[in-house]
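S.K.: Numbering (the numbering used here), first residue to last: -18 to 346.
Glycine included, each C-beta is placed from N, C-alpha and C at the ideal position.
(1) State the beta-bridge partners of residue 43 as determined by DSSP.
(2) So for residue 32, helix, strand or coil by DSSP?
(3) Enumerate in chain order the residues of its own chain whose CB-to-CB distance from residue 227 is below 6 angstroms, with the five nearest sequence positions on each side excluded.
(4) Check the Cβ-Cβ distances between residue 82 and every residue of chain B, and say whether any is below 7 angstroms.
(5) Residue 288: buried (16+ other C-beta within 10 angstroms of its C-beta) or exposed?
(6) Whole-angstrom Cβ separation of residue 282 and residue 146, contact assumed at under 8 angstroms?
(7) For residue 276 and residue 286, what's the separation of their Cα atoms in angstroms?
(8) From residue 73 to residue 66, what does the alpha carbon distance come to, in whole angstroms?
(9) Looking at C-beta atoms only, is the number of pairs between the stretch 238 to 258 and the stretch 71 to 91 that lie closer than 8 angstroms three or more?
(10) What is the DSSP secondary structure of residue 348, reduced to helix, strand or coil?
(11) Shortest alpha-carbon distance to residue 148 belongs to which of 57, 284, 141 and 174?
(12) Excluding sequence positions up to five away, which residues of its chain have a Cβ less than 7 angstroms from the Cβ of residue 159?
(13) Could you give the C-beta distance for residue 24 and residue 0, rounded to a whole number, given that I count them as a contact under 8 angstroms?
(14) Please state whether DSSP places residue 15 in a helix, a strand or coil.
(15) Look up residue 48 in the DSSP assignment and give the residues it is bridged to.
(16) Can you tell me whether residue 332 is helix, strand or coil according to DSSP?
(17) Buried or exposed: residue 237, going by 16 or more other Cβ atoms within 10 Å of its Cβ?
(18) Using CA atoms only, rank isn't needed, just tell me which of 225, 229, 134 and 234 is closest to residue 219.
(19) Apart from the five residues on each side of it in sequence, which residues of its chain come closer than 8 angstroms, Cβ to Cβ, to residue 107?
(20) Assuming residue 161 contacts residue 124 (C-beta within less than 8 angstroms), just tell me the rounded distance between them.
(21) Checking the sheet assignment: what are the DSSP bridge partners for residue 112?
(22) Spatial neighbours of residue 93 within its chain, please: C-beta separation below 6 angstroms, excluding the five flanking residues on both sides.
(23) Can you grab the Cα-Cα spacing for the pair residue 210 / residue 268, in whole Å?
(24) Near residue 203, which residues of its chain fall below 7 angstroms by C-beta distance, leaving aside the five closest residues on each side in sequence?
(25) Cutting at 7 angstroms between CB atoms, please list the residues of its own chain near residue 315, excluding the five before and the five after it.
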């Protein structure tokens, strides 16, 4: 546990059914690995929550806040839990959302419908269980919207599971704005059981036989014709440059070939693009190529964050990503001072590790 909670979770865990732990063990065995000891407290807490789902709805927010470093299996545990309770209870009142997508829809629906409550009616409907993957707050404007959404969910008595790379106290970390989010942090820690998923193993680095979806992409440096061919790619001709219309804007792309869109780093990471633009690409195209990626340490912080957001969205949507960089992955993400790279560099590095690497063959000394 990271932070105290007024209810003694140990009491809730005592004698709890093992439907989630059984499902976790079975899914791990199917995938060819064993459950990490650092994951066990979260699995037990999810079992306790599964037991509470049979109780009448409460009049306040309740549930779990699961946090820990990248690659510790937070999303996997949440998804196994959701599938297990859906099978057990034949539930149709549960919703799972990635937090990037939730924020995009919250902004849009609030604008069109005039209130947070009306926006939540569209996004989560009458759901009594809502699972938020990769809950985070970096932007002060987003923070105020999230604060209002959390209060609205509290008033509805919704049960939630949140996964995050941050403890509640680490949300909106900027010293200039953190105090604005403290009341929401206090509400989350008062209502939810906060459970840390520990351990020193990043499971994304473990060998895997899965090669489809996001894992079907590659990290290529430098992008010679031979390496592009090995990735199943061919560089676009200048005449293939076109635009992709998103909302009222025309965004330039280097090529749009059937199901593959070829993006230039300069526009998509240093220009005025948003997470919603990447979500549109993920919905429209079957694979994405990002060309000309430099060392992020020399770029502005917003540039690094846009790159991290692009990787996040495509990984969550399981869309193959091909990164064509000027240097290897480590040098691409290397920190050059606190302000020189994406805020979530560890998560970005963990996700890029899923991609096939096509670079120079190391030579012995």
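M.R.: The structure says:
(1) 140
(2) Looking at residue 32 - three-state DSSP - the assignment turns out to be helix.
(3) 258 and 261
(4) In the structure shown, chain B does not exist; there is a single protein chain.
(5) buried
(6) At roughly 17 angstroms, the Cβ-Cβ gap does not stay under 8 angstroms, so residue 282 and residue 146 are not in contact.
(7) Their backbone Cα atoms lie some 13 angstroms apart in a straight line.
(8) 10 angstroms
(9) Yes, the stretch 238 to 258 is in contact with the stretch 71 to 91.
(10) The structure shown does not extend to residue 348, since the chain spans only -18 to 346, so no value can be given for it.
(11) 174
(12) Only 153 meet the Cβ criterion.
(13) Not confirmed; about 10 angstroms, so no contact.
(14) coil
(15) Residue 48 is bridged to 145 and 177.
(16) helix
(17) Looking at its Cβ environment, which holds 16 or more other Cβ atoms inside 10 Å, residue 237 is buried.
(18) 234
(19) 74
(20) 6 angstroms
(21) 77 and 142
(22) none
(23) 16 angstroms
(24) 307
(25) Within the same chain, residue 315 has close Cβ partners 276 and 278.
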